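For the sequence shown, position 63 matches number 65 in this note's numbering, and the numbering has no gaps at all. Working notes, structure below.
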Amino acid sequence: MTTSIPTHTPVAERFLDALTHRDFPAMTACLAPEVRLRGLIPPGPFDAVGPGAVIDRFHGWFGGLDTFAVLDSGRDRRGGKLAAHWLVRMCPEHGLGPARIAEQRVFLTADDDLITGIDLLCSGWQPAE
């Protein structure tokens with residue numbers, strides 16, 4: 003069992019809060035101009051550089067008309083990085099298809115209260131049980 007350590011880092015809290023509300027402009031405001039997202043997702047690894055490219059990835063995963071709920075989330079400090087995770091459930095609008103879930107874990111690097119790096123690992127979409 004692990005114990006959570008509060009980060010007291012406003013940028014991590016703001017980013018997680020913005021994600022929870024699908025507030026993509028607020029997520030963008032947390033990112034430095036040189037932010038780099040490195041991810042490992044099904045079907046494989048990717049890189050995105052710059053706030054626009056990073057937010058395009060998040061919008062592709064969590065944007066749109068599907069219902070959206072964050073089932074679990076949290077944040078910790080891991081050495082010089084901030085760690086965060088979220089478990090998301092999405093369902094096609096009007097229940098016209100099966101619900102799905104995905105978990106993402108990230109390690110954030112921040113400078114001057116802006117996120118400069120995101121290392122992301124994603125489970126990929128799985129059928130909701």
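Ideal Cβ positions, reconstructed from N, Cα and C, are used throughout, including at glycine. None of the values given here were measured: they were computed from a predicted structure.
Less than 9 Å divides the Cβ of L84 from the Cβ of A14. Contact between G119 and I43 is absent: CB atoms are separated by about 17 Å, not below the 8 Å threshold.
Comparing C-alpha distances from Q106 to each of A34, L73, C32 and L122 shows the shortest one belongs to L122. Here the alpha carbons of D68 and V51 stand approximately 27 Å from one another. A Cβ-Cβ contact shorter than 9 Å links V56 with V37.
Between G82 and A130, the alpha-carbon positions lie close to 34 Å from each other. Within its own chain, the residues whose Cβ lies closer than 8 Å to the Cβ of F70, once the five positions on either side in sequence are excluded, are R24, F64, V90, R91 and M92, listed in chain order. It is roughly 26 Å from the alpha-carbon of E95 to the alpha-carbon of G54. L116 and G46 have their C-alpha atoms spaced approximately 27 Å apart.
Taking 8 Å as the upper bound for CB-CB distance, R77 and A86 are in contact here, some 4 Å apart. Within the DSSP bridge table, the entry for H87 names G76 and R107 as partners. It is roughly 24 Å from the alpha-carbon of A104 to the alpha-carbon of A31.
Annotated three-state conformation of E95 is helix, per DSSP.
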